[in-house]
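Numbering (my numbering), first residue to last: -4 to 133. Glycine is no exception: its CB is placed at the ideal position from the N, C-alpha and C atoms. Since this is a predicted model, take the numbers as computed values, not measurements. Let me begin by presenting the structure, written as structure tokens, before commenting on it.
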Amino acid sequence: MLLWFATMDEKDFHLFRFDGEQDKWRGWKLRVIAFAEEKEFDKALTDDVVIPTNPTTADEKAIVEKNKKAFRFLAISCSDGKALPYVELADRNARTAWKNLCTRFEPGKDADLIRLEHEFVTCNLEDFADPEAWFQQF
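Rendered as structure tokens:
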């Protein structure tokens, strides 16, 4: 396994597993971004960069290495459940895999509005002693 995975405490590795369950997406995405920043491969996920096929310069080699790290991380993290195909289809390109995952699992404005309306309609003020706490739930 990758060295930086090996240095992670085994009990914490479950934090980076994503099985494609929609309700786990936001937390998982936040943890991935934070971890990627810590390990300095976040730009491989977030920036549209051409991955050189035959890197010759140090900069090109660094781009290739960061893409490999990021792709491996996503492949290992999403190796179970519904998320795997979105990584597999990326042809070992971390940015493409990340965009595939975001496109599939990131709720859109319409989905957010529908969810918020549903939560508002089904929420009962009687469940809360403080109306402000009721409102903050949204």
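Whole runs of the alpha helix (DSSP H) within the segment 13 to 83, excluding any shorter than 4 residues:
Qualifying alpha helix (DSSP H) stretches, in chain order: 20 to 33, 37 to 41, 53 to 72 and 79 to 83.
What did DSSP end up calling Asn95 once you bin it into helix, strand or coil?
helix
Leaving out the 5 sequence neighbours to the left and right, which residues in its chain are closer than 8 Å to Phe30 when beta-carbon positions are compared?
Only residues of its own chain outside the window of five on either side were considered, and among them Phe11 and Phe68 have a CB closer than 8 Å to the CB of Phe30, listed in chain order.
Proximity to Lys24 [Cα-Cα], best of Cys73, Glu55, Pro50 and Lys64:
For the residues Cys73, Glu55, Pro50 and Lys64, the minimum Cα distance to Lys24 belongs to Cys73.
Given that a residue counts as buried once 16 or more other Cβ atoms are within 10 Å of its Cβ, and exposed if not, what is Thr117?
Counting C-beta atoms within 10 angstroms of its own C-beta, Thr117 has fewer than 16 neighbours from the protein chains shown and is therefore classed as exposed.
Flag this pair as yes or no: are the beta carbons of Ala89 and Ala65 separated by less than 8 Å?
yes
Just the C-alpha distance for Pro126 and Glu112, rounded to the nearest angstrom, thanks.
Those two C-alpha atoms are separated by around 18 Å.
Assuming Ile46 and Asp37 make a contact with CB atoms under 8 Å, what is their CB distance in whole Å?
No, Ile46 and Asp37 are not in contact; Cβ-Cβ is about 16 Å, not under 8 Å.
Can you check whether the CB of Gly15 is closer than 8 Å to the CB of Asp78?
Checking the displayed sequence, the identity of residue 78 turns out to be Ala instead of Asp. Cβ distance < 8 Å, so Ala78 and Gly15 count as in contact.
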